[in-house]
Amino acid sequence: MSSEKKVRPVSRFAPEDVEVDKSDYTTLQTGASVVIALTRIYTYLDELSRQLSQASNRVMVDLPIHEYGVYQSLEQKDYQLSQISGADQPRVAFSFHLVSDRALKVEYYFDDEEARVIPRLKEDGVRILSSQITGAGSEHQKITFELAGDIPVQLQFEGDLVKDEITLSLTNFESLGVQSYLIHPNRVSDDFLKQLGRLLLRKRSSFLKETEVLSDPSRTSPREYETVTMVEPQSADILEFEVSRLLSRKRVILRYQRQEHHFDVDDPVCYLGRKFPADIQIRSRFVSREHASVIYQDSGFIIRDNSSNGTFVQPEGRPMIQVHNGTYPLENRGIISLGETIYPDNPDLVYYEIV
18 MSSEKKVRPV SRFAPEDVEV DKSDYTTLQT GASVVIALTR IYTYLDELSR QLSQASNRVM
78 VDLPIHEYGV YQSLEQKDYQ LSQISGADQP RVAFSFHLVS DRALKVEYYF DDEEARVIPR
138 LKEDGVRILS SQITGAGSEH QKITFELAGD IPVQLQFEGD LVKDEITLSL TNFESLGVQS
198 YLIHPNRVSD DFLKQLGRLL LRKRSSFLKE TEVLSDPSRT SPREYETVTM VEPQSADILE
258 FEVSRLLSRK RVILRYQRQE HHFDVDDPVC YLGRKFPADI QIRSRFVSRE HASVIYQDSG
318 FIIRDNSSNG TFVQPEGRPM IQVHNGTYPL ENRGIISLGE TIYPDNPDLV YYEIV
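For the sequence shown, our numbering begins at 18 and goes up steadily by one.
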């Protein structure tokens, strides 16, 4: 396990490299804060991309595909970082791909007003493997299409030296399409960067909580949106990097049918049951609504049964046990069955793995 690492930013955006009117000292002064903020963001993302490329733990994502469904268990891969030192709008771009070895098949009923389904997806950079329309012209017309498991994602930080602000554009990050946010340079602190790292690791993060999405940043006045609220910077040249610690913390992976769920200290409880609000919903007559839960406790994971007919656990290489209105520690890997004993070919088994 690697220790926390302190990184000293390298000045990749020097104020003297930015072409400005020599008489415009106000622009030069305000522009410097944008340049410094982008330098810190670049340095952090540079180290983050190296950490992610070398890490053994995968970052998995479930991506909503507009109103058509959810592409589950996509893996973040192929991280790339670039910078452009423009005259008035220097930029930092962090990109990667969400990939899967299986295509997503979608069936969607639509009317004439929704006929741009395929062009809309292509505009988002999604590759369509095949598409077919059935029942054309009727009230039951349906489109069936397959999406390739390779979706491009980008975070672009674009500085405005005149307005002294940075616009963050997220492309295909939390959903398809582009979402934009405003950031003031003096908010780019150590905590800001840590929360950015958590966001990219798909951890719970306060990075975007204090912002509003801009539908068109070029036509929106500053009064129409809020800014990212973060702690003021404590040091201009040192940032505390904690990606290694985040990647090395113990977590549990729960697999049910074609779903995969990850939980750790920041997301410490997974509910298993027949209906909402269960995180993993198992539609079986043996399963109650709030049947059981997997909980992070004392640096490990336990399963807690809340049902009338019990929860069955079989750790790998060990005999099956029944948990009834009690708890049982989970280690390494094994199988969970709600309300009935574990037997081969049962489609409602949950497989757990502690990593």
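No residue lacks a Cβ here, since even glycine has one placed at the ideal position from N, Cα and C.
DSSP, reduced to helix, strand and coil, places V87 within a strand of the structure shown. Bridge pairing for Y288: S310 [DSSP].
Residue range D167 to D177 is occupied by the beta strand (DSSP E) that includes P169, with no alpha helix (DSSP H) assigned at that position. The DSSP-derived three-state label of Q212 is helix. Closest in alpha carbon position to P107, among F174, S70, H83 and L80, is F174. Ranked by Cα distance from L289, the first of D315, R275, D365 and L216 is D365. In the three-state scheme derived from DSSP, where H, G and I count as helix and E and B as strand, Y125 is classed as strand. Setting aside the 5 residues that flank it on each side, S310 is surrounded in the same chain by V286, C287, Y288, L289, I320, R321 and N323, each with a C-beta closer than 8 Å to its C-beta; the list follows chain order.
Nearest Cα to D63 within the set S50, L98 and Q93: L98.
Taking a C-beta distance under 8 Å as the contact criterion, V282 and G356 do not qualify as a contact pair. Here the C-alpha atom of I270 lies approximately 11 Å from the C-alpha atom of R75.
With fewer than 16 neighbouring CB atoms inside 10 Å of its own CB, E124 falls in the exposed class.
In the three-state scheme derived from DSSP, where H, G and I count as helix and E and B as strand, A110 is classed as strand. The alpha carbon of F113 has as its nearest neighbour, out of A120, L146 and M77, the alpha carbon of M77. Per the DSSP secondary-structure output, D322 pairs in a beta bridge with A309.
The shortest CA-to-CA distance from Q93 to any of S316, V109, L69 and H83 is the one to L69.
The three-state reading of DSSP puts R300 in coil, since its state is none of H, G, I, E or B. In this chain, P81 is not harboured by any alpha helix (DSSP H); it is covered by the beta strand (DSSP E) spanning M77 to P81. Spanning the alpha carbons of P361 and I297 requires a straight line of approximately 20 Å.
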